Amino acid sequence: MHMKATSRLTDDCRNCPSRQSTVFSELHGERLDTLSDHKQCGFYKKGQIIFHEDSFPSGLFCIRTGAVKLYKVAANGREQIVRLAGGGNILGYRALIGGESYASTAVAMEDSTLCLVPRDTFFQLVTTDAQLSARIMRLLSSELKVAETRIVDIAHKSVKERLAETLLLLAEKFGTRDDGQTIDIRLTREELANMIGTATESVIRFLSELNKQHILELEGKAIKILDRKALLRIAGVHD
Amino acid sequence: MIMDNYLSSTAFRERAHPHASNGFPEIEGARAASWKKNIVIMRENGAPAACYVLTTGKVKLVKKDRNGKNFLLALLHPGDTFGLPAVLNGEPYSSTAITIENTTGFRLDAVHFHRWYQQHPSNFQQVMRLLCAELGRAEERVNSMMRVSASSRLAEVLLIIESVYGTNSDGTLAVVLRPKEYADLTNVARGTIYRLLRQFADERLINFSSTTIRILNRSGLQSIAGI
Chain A
116 MHMKATSRLT DDCRNCPSRQ STVFSELHGE RLDTLSDHKQ CGFYKKGQII
166 FHEDSFPSGL FCIRTGAVKL YKVAANGREQ IVRLAGGGNI LGYRALIGGE
216 SYASTAVAME DSTLCLVPRD TFFQLVTTDA QLSARIMRLL SSELKVAETR
266 IVDIAHKSVK ERLAETLLLL AEKFGTRDDG QTIDIRLTRE ELANMIGTAT
316 ESVIRFLSEL NKQHILELEG KAIKILDRKA LLRIAGVHD
Chain B
69 MIMDNYLSST AFRERAHPHA SNGFPEIEGA RAASWKKNIV IMRENGAPAA
119 CYVLTTGKVK LVKKDRNGKN FLLALLHPGD TFGLPAVLNG EPYSSTAITI
169 ENTTGFRLDA VHFHRWYQQH PSNFQQVMRL LCAELGRAEE RVNSMMRVSA
219 SSRLAEVLLI IESVYGTNSD GTLAVVLRPK EYADLTNVAR GTIYRLLRQF
269 ADERLINFSS TTIRILNRSG LQSIAGI
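Protein chains in written order, with the working numbering: chain A, 116 to 354; chain B, 69 to 295.
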């Protein structure tokens, strides 16, 4: 059993704060009841492993609240961050659908609540609901595009450009705090480096450079984006 | 065994039943096709007329970077599908597929795909599996690109080419890419590729000429690649 829940929650999917942003948002009536009745919710403490790379999925994880890091460990022991996921995101779908083991390890980056939709329930819903399967296929297609773009970006964008782009994406995905500027997720410099595929020292150097240019403001792990337009320009993307 | 583990962990892994598992050729309307070397099968930003599966031969997927240059996304081998997301979503192709040598496969026109796809909901699951395979291929490539050392990436690429495409009777790699293609695959400058190949040759890991590469010490390369 992959789920290492510290407590059981029995919340109805209808009350899920992230429901509107999940692939299940269009489920109604009996189908939503099926999902709600069969899923199991669990609470994961910060740092707790949700599943391990190379283990096999027993279902689909859906994040109710919190943040999750998916990573692989390279032969040299270095962590490569594959993806960060937040409320409403699903995890392990590629392994589940492809009948393969997980390609990465998932760990809670903060106290999180996740629901596990059992394999049979998931496939029963997918094979009987064209709208749901279409949503999942759109998700897979869009992830594929993201991966292809990322391949070209890694090859051609400088570390500074990729760092700027990553910060903008983090702000978009996890939002900002009440000040509207501070990215609402705390990552170590090493984690940022592992997302971008560079050395930690380079991240430290470029962050400090952007700080001096008043494009960012740094306070411990908190990163505030002061000049979004300048960051967009550096990232080479258009608003 | 190490190689088995290696293959199962790369984007270029052999699938257990490449032709049977994707079921593509059995779909009504799928047509056998053959292409000569250097033929563009589908073009980036082109209208999604059809999707494809390879049965023999070799195809590369490339995508234009911001300077308009083609960047190698993947080397495809028998059993691999391509063009599926574009056909499924009715969007332009996101990459270009070019044959590296004479190649055969099946072509499924968009209209036949949609007819088959809508016939039965269980077909959704099959399409999802195919999409997952394409996504897995791309994500493995991302991971490979993220590796820091240029020599480890080049060593990995040489091993991949050997495992996917095999060797000639004299032990040389069956496919020799141009230095530019090695550079594109590894995200390393062309000059560095020459230097690393010379370095590998000095260490008796490979020998190479302008047209051939032979792996002399596989475990040495595996160790550099971190496998």
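Note that the Cβ used here is the ideal one computed from N, Cα and C, for glycine as well.
Note that this is a predicted model, so its numbers are computed, not measured.
Exposed unless 16 or more other CB atoms sit within 10 angstroms - verdict on residue i
i	result
Gln195 of chain A	buried
Asn170 of chain B	exposed
Asp148 of chain B	buried
Pro132 of chain A	exposed
Arg134 of chain B	exposed
Gly234 of chain B	exposed
Arg265 of chain A	buried
Ala154 of chain B	buried
Arg179 of chain A	buried
Asn106 of chain B	exposed
Asp252 of chain B	buried
Lys161 of chain A	exposed
Arg272 of chain B	exposed
6 Å CB neighbourhood of residue i in its chain, flanking five on each side removed
i	result
Gly290 of chain A	Asp299
Val232 of chain A	Lys154, Gly174 and Leu175
Met110 of chain B	Gly151, Tyr161 and Ala165
Phe171 of chain A	Ser216
Gly203 of chain A	Ser133, Ser136 and Thr137
Leu211 of chain A	Pro172 and Leu175
The alpha helix (DSSP H) enclosing residue i, as first and last residue numbers
i	result
Thr149 of chain A	Gly144 to His153
Ile228 of chain B	Ala218 to Tyr233
Ile107 of chain B	Unbroken run through Ile107 of chain B: none, as it is neither H nor E.
Ser291 of chain B	Arg286 to Ala293
Thr242 of chain A	Arg234 to Thr243
Gly298 of chain A	It is worth fixing the name first, because residue 298 of chain A is Ile in this sequence and not Gly. Run containing Ile298 of chain A: none; DSSP gives neither H nor E here.
Leu253 of chain B	Pro247 to Thr254
Glu316 of chain A	Thr315 to Lys327
Arg282 of chain B	Where Arg282 of chain B is concerned, there is no enclosing alpha helix (DSSP H), although the beta strand (DSSP E) it sits in stretches over Ile281 to Ile283.
Ile349 of chain A	Arg343 to Ala350
Ala269 of chain B	Arg258 to Asp270
Gly162 of chain A	From DSSP, Gly162 of chain A is part of no alpha helix (DSSP H); its letter is neither H nor E.
Arg277 of chain A	Val274 to Phe289
CB contact check: residue i to chain A, cutoff 9 Å
i	result
Lys131 of chain B	yes
Glu159 of chain B	yes
Phe139 of chain B	yes
Glu202 of chain B	yes
Ser219 of chain B	no
Gln193 of chain B	yes
Ala117 of chain B	no
Arg183 of chain B	no
Leu199 of chain B	yes
Ala223 of chain B	no
Asn113 of chain B	no
Glu207 of chain B	yes
Val127 of chain B	no
Pro247 of chain B	no
Asn350 of chain B	Outside the shown range of chain B (69 to 295) lies residue 350 of chain B, about which nothing can therefore be said.
Interface flag, residue i vs chain B, CB-CB below 9 Å
i	result
Lys187 of chain A	yes
Val267 of chain A	yes
Arg129 of chain A	no
Ile212 of chain A	yes
Tyr208 of chain A	yes
Glu305 of chain A	no
His153 of chain A	no
Ala260 of chain A	Reading the sequence as shown, one finds Lys at residue 260 of chain A and not Ala. Judged by the 9 Å Cβ criterion, Lys260 of chain A is in contact with chain B.
Ser256 of chain A	yes
Contact set for residue i: own chain, Cβ-Cβ below 7 Å, skip 5 residues either direction
i	result
Gln193 of chain B	none
Asp148 of chain A	none
Phe321 of chain A	Val274, Lys275 and Leu278
Tyr262 of chain B	Pro247
Ala189 of chain A	Gln195
Arg146 of chain A	Leu240 and Asp244
Glu81 of chain A	Nothing about residue 81 of chain A can be read from this structure; chain A reaches only from 116 to 354.
Close-in-space but distant-in-sequence residues of the same chain around residue i (CB under 8 Å, 5 per side omitted)
i	result
Asp127 of chain A	Ser151
Val179 of chain B	Gly97
Ser291 of chain B	none
Ile269 of chain A	Arg277 and Gly312
Val241 of chain A	Leu247, Ser248 and Ile251
Thr279 of chain B	Val244
Where the beta strand (DSSP E) through residue i begins and ends
i	result
Val127 of chain B	Val127 to Lys132
Asp177 of chain B	Thr171 to Asp177
Asn157 of chain B	Unbroken run through Asn157 of chain B is the alpha helix (DSSP H), Leu152 to Asn157; no beta strand (DSSP E).
Lys187 of chain A	Ala182 to Val188
Asn211 of chain B	Not the beta strand (DSSP E): Asn211 of chain B falls in the alpha helix (DSSP H), residues Ser190 to Met214.
Asn275 of chain B	Ile274 to Phe276
Three or more C-beta pairs under 8 Å: does that hold for the region 140-149 of chain B against the region 110-118 of chain B?
Contact between the region 140-149 of chain B and the region 110-118 of chain B is absent, because fewer than three Cβ pairs lie under 8 Å.
If contact is defined by three or more beta carbon pairs under 8 Å, each pair taking one atom from either stretch, is the region 222-241 of chain B in contact with the region 182-201 of chain B?
Between the region 182-201 of chain B and the region 222-241 of chain B, the count of C-beta pairs closer than 8 Å stays below three; the two stretches do not touch.
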